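One structure below.
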Amino acid sequence: MAEKPKLAFYWCAACGGCEECVLDLEEKLLDVVSSVDIVFWPVALDFKRHDLEAMADGAILATFISGAIRTTEQEEMVRLLRSKSRLVFAFGSCSQSGGVPGLANLWTKDSIFQTVYTEGASTPNPEGTLPQRTIREDGGELELPRFFDTVRTLDQVVAVDYYLPGCPPTPKILLAALDQLLSGRLPEQGAVLAPDHALCEECPRRDSHPERLALNEFKRPQEVIIDEGTCLLAQGILCLGPATRAGCEAQCVKGNMPCTGCFGPTSRVRDFGGKALSAIATIAAGKEEAEISRLFENIPDPVGTFYRYSLPASLLRRRRIESVPMTGTK
Amino acid sequence: MSEPQQRRITIDPVTRLEGHGKIDIFLDANGDVDHAYFQVPELRGFEKFCEGRLAEDMPQITSRICGVCPTAHHMASVKALDNLYQVEPPPAAKKIREAVYSAFMAEDHILHFYFLGGPDFIVGPTAPAAERNVLGVIAKVGKETGKRVIETRRKLRELIALAGGKAVHPVLGLPGGVAKTLKREEQTQFVQVAREALDFALFTLETFEKLVLKNSDYVNLICSDAFTHRTYYMGMVDERNQVNFFDGSIRVVSPDGREFAKFPPNAYLDYIAEHVEPWTYVKFCFLKPVGWKGFKEESDSGVYAVGPLARLNVSERMATPLAQEAREKLLATLGNKPIHHTLATHWARIVELIYAAERLQELSSDPRILDPQVRAIPTQIPREGIGVVEAPRGTLIHHYQTDERGVIRKANLIVATQNSAARIALSVEKSAATYVKGGEISDGMLNMVEMALRAYDPCLGCATHSIPGNMPLLIRARDPLGKIVAVLYRDSEGRVCRKHEE
Amino acid sequence: MKKLGAYWLMPELFEPKIVAFFCNWCTYLAADLAGTSRIKYAPNGRVIRVMCSGRVDPQFVLEAFAQGADGVLIGGCHPGDCHYQEGNYNALRRFQLLRRMLKEMGIEEERFRLEWISASEGDRVRAVMNDMVEKIRALGPLAKPTVAEGTLEEVPA
Chain S
1 MAEKPKLAFY WCAACGGCEE CVLDLEEKLL DVVSSVDIVF WPVALDFKRH
51 DLEAMADGAI LATFISGAIR TTEQEEMVRL LRSKSRLVFA FGSCSQSGGV
101 PGLANLWTKD SIFQTVYTEG ASTPNPEGTL PQRTIREDGG ELELPRFFDT
151 VRTLDQVVAV DYYLPGCPPT PKILLAALDQ LLSGRLPEQG AVLAPDHALC
201 EECPRRDSHP ERLALNEFKR PQEVIIDEGT CLLAQGILCL GPATRAGCEA
251 QCVKGNMPCT GCFGPTSRVR DFGGKALSAI ATIAAGKEEA EISRLFENIP
301 DPVGTFYRYS LPASLLRRRR IESVPMTGTK
Chain E
331 MSEPQQRRIT IDPVTRLEGH GKIDIFLDAN GDVDHAYFQV PELRGFEKFC
381 EGRLAEDMPQ ITSRICGVCP TAHHMASVKA LDNLYQVEPP PAAKKIREAV
431 YSAFMAEDHI LHFYFLGGPD FIVGPTAPAA ERNVLGVIAK VGKETGKRVI
481 ETRRKLRELI ALAGGKAVHP VLGLPGGVAK TLKREEQTQF VQVAREALDF
531 ALFTLETFEK LVLKNSDYVN LICSDAFTHR TYYMGMVDER NQVNFFDGSI
581 RVVSPDGREF AKFPPNAYLD YIAEHVEPWT YVKFCFLKPV GWKGFKEESD
631 SGVYAVGPLA RLNVSERMAT PLAQEAREKL LATLGNKPIH HTLATHWARI
681 VELIYAAERL QELSSDPRIL DPQVRAIPTQ IPREGIGVVE APRGTLIHHY
731 QTDERGVIRK ANLIVATQNS AARIALSVEK SAATYVKGGE ISDGMLNMVE
781 MALRAYDPCL GCATHSIPGN MPLLIRARDP LGKIVAVLYR DSEGRVCRKH
831 EE
Chain A
833 MKKLGAYWLM PELFEPKIVA FFCNWCTYLA ADLAGTSRIK YAPNGRVIRV
883 MCSGRVDPQF VLEAFAQGAD GVLIGGCHPG DCHYQEGNYN ALRRFQLLRR
933 MLKEMGIEEE RFRLEWISAS EGDRVRAVMN DMVEKIRALG PLAKPTVAEG
983 TLEEVPA
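Line by line, the protein sequences are chains S, E and A.
To convert, note that position 134 of the first sequence is 134 in my numbering; the numbers rise steadily by one, no gaps.
Here my numbering runs 330 ahead of the position in the second sequence, where the first position is 1.
Here my numbering runs 832 ahead of the position in the third sequence, where the first position is 1.
Below you can see the structure in the form of C-alpha cells.
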C-alpha cells in the first residue's frame, strides 16, 4: 500500500492567522487530512524535535512555514525542517516578506526590551528586570531563545520553494496550492502561488478608476465618508491596489477599506514599498515643491503605509541601527 | 525534613522546545515539588513597533497580535480610537460592531469547546492522546454533529467577513464608526445565522450535560483540589452587573466573592500592573492595590484570573434569558460563586456561547442596524485613548498616546492571557505538586497539567496552543542539586514517554 | 559603529560614494560640458544616464543605498523644460515622498537630493557635487544596513 505523502506545518513569529486559514478549509480539510499524513500540525505538537531529527532527510514532502524569523529557536527549527523536507512553502506574508512583526526592524532588541519591560505605562519594574538569554542560579541554568535585532524572512534563512502570499492567504489559495502539490502540478520553483497581476485588475470598483489620476489631496480614512462603490484612490484614499498582487478577491475593498498591500508585489517588482510609494507619489497633483510637500503631510508614516508587511524583505531591510533612538519616552 | 529547602529559580536549559511553552519542576529534598515554572519563549514587540504608526492603522496592525482572536484586538483598538478622538459612533455603527463581535465570540467559543478544551471531556481525560482531538470528538458525537460544528463556525465567520471584509483581520473599524453600512439582505443573513447559532449553542449545552455532567468522574475532576485556585477575578459588566463583552465597567471580586473594585476602563492603571521575571518573555499582570506577592493565591496576593469563569464570578446575572437559565443551573450544581474550579471554565464558556448567540439575535433583528449613518467624522485633536473589550480569554486593554497628527507615541497593550499568566503558573505548580511525590512522576501528570493549561485557552500569541489535542510540553524534574531526575514528554503518537537523563 | 573604524578617527579619509542618476537631455549634457570645459570637481559621483529623471524608480535609489552608496543624486531638467513634458514632475513627486520614507529609515535628508541642472549649467554640476560630498563627508558613511548585529553570524554553530 502506497504511503501517504507527509506534510508539516510550523509557525515562527506569527499570529496564527495562517493556521486559521487551514481551519477555514472546513469540510475540505477533512478531505485533505485523509489523503496525507500530517506529521505535525499546525503548531508543532505531536512530535518532539528528536522525532524530527530521526527522520531521513527529505522524508517530508512539504512543510508549510508561517511567521517571520525573530529568535534563535525559530532559525534552528526552520533549518531542521528544511533538511527534512523536499519542499518548503513560505506560508503567508510574515514568512514571505516579514509581515507586521517586520515593523520591529525600525528598532533593535535593546530598544524593544527597554520599552516593553521598563517603560510600559503599567509596568513599574523598578529594578529594571529584563528577560535574559541565560540566567545562572545555584543548581542550574536558564535559557530563553535569543531575540535577534533584525527580523528576517524565511528565504533569508533557508531556501524556499514556493510562496503563498497574504495576511492571511485565502483558503482558496491554500487549497489550490495543496491541489497542485498533491497532483504534481506545481509551477517552476520559486513561484508565488497567486495570480501575477495587480489587484486593480480584479477590483469590483475598477470601472470607476479614472484614466488619469491627479489628486490635490490625500485623505486619511477617518477624515471622509467613504463611498461604497467608487474607486478608493479616486476618493483620495491611499489604496495600494495598483502595486499589490491580486488573488485575495479584494476583500478589504469589499469591506469599504483600502488595500494595504498584504499580498505583496507581482513578479516584476523587487521592493514592494518602493513601488507602492512610486505609484502613490505619481498620482499626486502639483508641480511646485511646496505644494507637493503639503500634500504628503497627510502621509505621516510612509514606512507603516508602504512597508507594513514587507520591511524585512525590502532592499534596505531595516532602519539604520545607528539611528535607532534609545531615549526613554517616559 | 532533613535539609533546609532552598528557594531557587532553576530553569533548565531546554533550548529547543518546539512550541511556545516550557515547564520546569524543581523538587525538594524529599522529591516533592518545590516549584514549577511555566515559561513563554516568545515576544514580537508590538508595544514598541506600534510607535510611529498612524492611529487609524492600529485596529488592523494590532489584530496581527493574534489570528485566532483578531476581532478582539480590532475592537479594543477601535474603541481606543473613539476615546482618542473623543468621537461618539452613531447607533447603527455601535450595533454593527457589537453584532460582529458577538458572532466572533460565538465562533471562537465553539472553536475552543470542540477543538481545544472540549476533547478532554467529550472524549475523556484518560482516553489515548491520539483520540483527544477534534477528530475524536467527531467520532464520539457523530459525523452529523461534527459537520454542524464546522458549518456553524463557518456561517458565523462569514458574518464577520460580510460586515468586516475578512474573518481573519477584519477591516471595519474606524474612529467614530465602521467602514460600511449593513444592507437589508445582509441583515437577513445575520438574523438567520443567529438563530442557527443559538440552536447550536443549546445543543452544545445538552451535549456537555449528557457527556460530562452525567459522569461523576468528570464532575469530581472538575471539583478536585488539584484544579482549584482561590484568586481574584476580573471582567467587564454593565451597570446591572451583567456580563458584557463589549461595553461597561471593569469589576474585580476577591477570592471570597466580595466586590473589590469596579472602575471605568480609563482608570485601569490604578488597578492593573505588570510584573517582569527574567526567565520568561511574558509579563504577569497583578492587582496594583494588593501588590505582587509572588505566585500565590488568596486575597493577600495580587494574582487574578480573567476569562469565562472570571466573568461568571464578577457578574450577578447574564443579560439574556437562556444564558441566564444556563448560568443558574451551573451555580446550582457547583455551588455559590465565586467558583474557583478552573475546569468549570468549560461550562462557563458554554453559558457565554448562549449569551453571544442571543445577543447576536437581538442586535441583528434591530431595524436601526440598517441606518445608513455609520460614521462620525472626528473633529478633536487626538491625544490619548483607552479601549477595553472582553476577549474570549479575558479582559483586553489597548491604550494609545499620540501626537496631534494622530501618530502613535506610546502604546500599552494588556493582552487577555497575560492577566491569567500568573494563575496559569499556579495551576501548573499545583497539578505538579499533586502528581509528583517522592520523586515519582506519574504518567497522569502530563494529562493533568495539559488539562489545567487548556482550560485557560491560552492564546496562540502568548502561550502554548494545540488543535489536535496535544501540547508541546516537555517536563523536566530536577533534584535540589539541579540534577535532572526525570524527563516526561509525548512522542509523535502522543504516548507519554519518560527518559532518565544521566 | 565599531566596523567603521578609521573613519571616526580621521573623517577626512572618508570618501563618500555618490550614485548620480542624470537625465540624458539636460544634466548628463551638463556633466559632459563640465568635463570638456575641464571644470574640476569632486570625483565621488558614479553617474548613471537615464533618458529622463522621471525614469528613476524609487527602487533604483533604494538599491543604490542597499549596495553601499552614501548618497544618491538625481539630476533633471528644470520644471517646464522636460523633454517628455511631465517626466520631471513625476521625479519631483517621487523624490519628495521617498525622501520622507528614507528619513523614517534613518537615512538623513542630505544623502538624497534632486537638482534641476540644464545642459548649459556645467558649473552647477560642480557646485552641487562638491556641496553634496562635503555634507555627506560630515555625516559619515552609511553603514551597510544588512551588516547588523544579530544576524546569521551570531547563531551558535
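We put the beta carbon where it would ideally sit given N, CA and C, even for glycine.
Quick caveat, the model's predicted, so the values are computed rather than measured.
Query: Is the region 295 to 314 of chain S touching the region 269 to 286 of chain S, taking contact as three or more C-beta pairs under 8 Å?; Result: yes
Query: Within 10 angstroms of the Cβ of Leu845/A, are there 16 or more other Cβ atoms? Answer buried if so, exposed if not.; Result: exposed
Query: Using beta carbons (cut-off 8 Å, strictly below), is Ala970/A in contact with chain S?; Result: no
Query: Residues of chain E with CB under 9 Å from Arg70/S, in chain order?; Result: Glu372, Leu373, Arg374, Gly375
Query: Touching or not, the region 637 to 649 of chain E and the region 523 to 541 of chain E, by the rule of three or more beta carbon pairs under 8 Å?; Result: no
Query: Closer than 9 Å by beta-carbon distance: list the chain S residues that pair up with Ala975/A, in chain order.; Result: Arg320, Ile321, Glu322
Query: Could you work out which residue in Thr244/S, Val158/S, Asp207/S is closest to Asp196/S when comparing CA atoms only?; Result: Thr244/S
Query: Does the beta carbon of Ala243/S come closer than 8 Å to any beta carbon on chain E?; Result: no
Query: Residues of chain A with CB closer than 8 Å to the CB of Asp196/S, please, in chain order.; Result: By Cβ distance, chain A contributes nothing, its closest Cβ being about 18 Å from Asp196/S, past 8 Å.
Query: So if I threshold CB-CB distances at 8 Å, which residues from the region 632 to 665 of chain E count as touching chain S?; Result: none
Query: Taking 7 Å as the limit between beta carbons, can you name the residues of its chain near Leu512/E, skipping five residues before and five after?; Result: Ile426, Ala493, Ile699, Leu700
Query: Would you tell me roughly how many angstroms separate the C-alpha atoms of Glu76/S and Ala970/A, rounded to the nearest one?; Result: 42 Å
Query: Just the chain S side, please: which residues come within less than 7 Å of Tyr611/E by C-beta, in chain order?; Result: Pro131, Leu144
Query: When the Cα atoms are used, what is the spatial distance from Phe91/S to Asn550/E?; Result: 44 Å
Query: Please return the same chain residues whose Cβ sits closer than 7 Å to the Cβ of Ser35/S, not counting the five positions on each side in sequence.; Result: Lys4, Leu182
Query: Can Phe625/E and Ala755/E be called in contact, C-beta distance under 8 Å?; Result: yes
Query: For Phe147/S, decide whether its Cβ has a neighbour in chain E, counting only Cβ atoms nearer than 8 Å.; Result: yes
Query: Closer than 7 Å, Cβ to any Cβ of chain S: which residues of the region 880 to 906 of chain A, in chain order?; Result: Asp889, Pro890, Gln891, Leu894, Glu895, Phe897, Ala898
Query: Under 6 Å Cβ to Cβ from His795/E, same chain only, skipping five residues before and after it: list those, please.; Result: Reliability fails at His795/E, whose pLDDT of 26 lies under 50, so the model's placement of it is uncertain and the value that follows must be treated cautiously. Excluding sequence neighbours, His795/E sits near nothing in its chain.
Query: Rounded to whole angstroms, what is the Cα-Cα separation between Gly466/E and His676/E?; Result: 18 Å
Query: When DSSP labels each residue in this structure, what does Glu289/E get in the three-state scheme?; Result: The structure shown does not extend to residue 289/E, since chain E is modelled only from 331 through 832, so no value can be given for it.
Query: DSSP on Gly92/S, reduced to helix/strand/coil?; Result: coil
Query: Just by C-beta distance, which residues in the region 155 to 182 of chain S are closer than 9 Å to chain A?; Result: Gln156, Val157
Query: Determine the direct distance from the alpha carbon of Ala640/E to that of Ser757/E, and round the result to whole angstroms.; Result: 15 Å
Query: Note down, one range per segment and in chain order, each beta strand (DSSP E) of at least 3 residues found wholly within the region 127 to 197 of chain S.; Result: 134 to 137, 140 to 143, 147 to 152, 162 to 164
Query: What is the rounded straight-line gap between the Cα of Glu223/S and the Cα of Glu418/E?; Result: 15 Å
Query: Can you give, in chain order, each stretch of the alpha helix (DSSP H) that sits fully within the region 490 to 572 of chain E and has at least 4 residues?; Result: 514 to 538, 546 to 553
Query: So is Ile490/E buried or exposed if we call it buried at 16+ other beta carbons inside 10 Å?; Result: buried
Query: Let me know the secondary structure DSSP gives Thr343/S once reduced to three states.; Result: With chain S covering only 1 through 330, there is no way to say anything about residue 343/S.
Query: So, at 7 Å on beta carbons, what are the nonlocal neighbours of Val851/A in its own chain, with the 5 sequence-adjacent residues on each side left out?; Result: Arg878, Ile880, Ala896, Ala901, Val904
Query: Where does Glu474/E fall in DSSP's three states?; Result: helix
Query: Just checking: is the beta-carbon of Gln917/A within a distance shorter than 8 Å of some beta-carbon in chain S?; Result: no
Query: To which residues of the same chain is Thr72/S closer than 7 Å at the C-beta, ignoring the five residues directly before and after it?; Result: Pro145, Arg146
Query: Check whether the Cβ atoms of Leu154/S and Ile69/S sit closer than 8 Å, and answer yes or no.; Result: yes
Query: For a cutoff of 8 Å on Cβ pairs, would you count Phe379/E as touching chain S?; Result: yes
Query: For Val737/E, collect the residues of the same chain with a Cβ closer than 8 Å to its Cβ; drop the 5 residues on either side in sequence, then sort them by chain order.; Result: Gly382, Arg383, Leu384, Ala385
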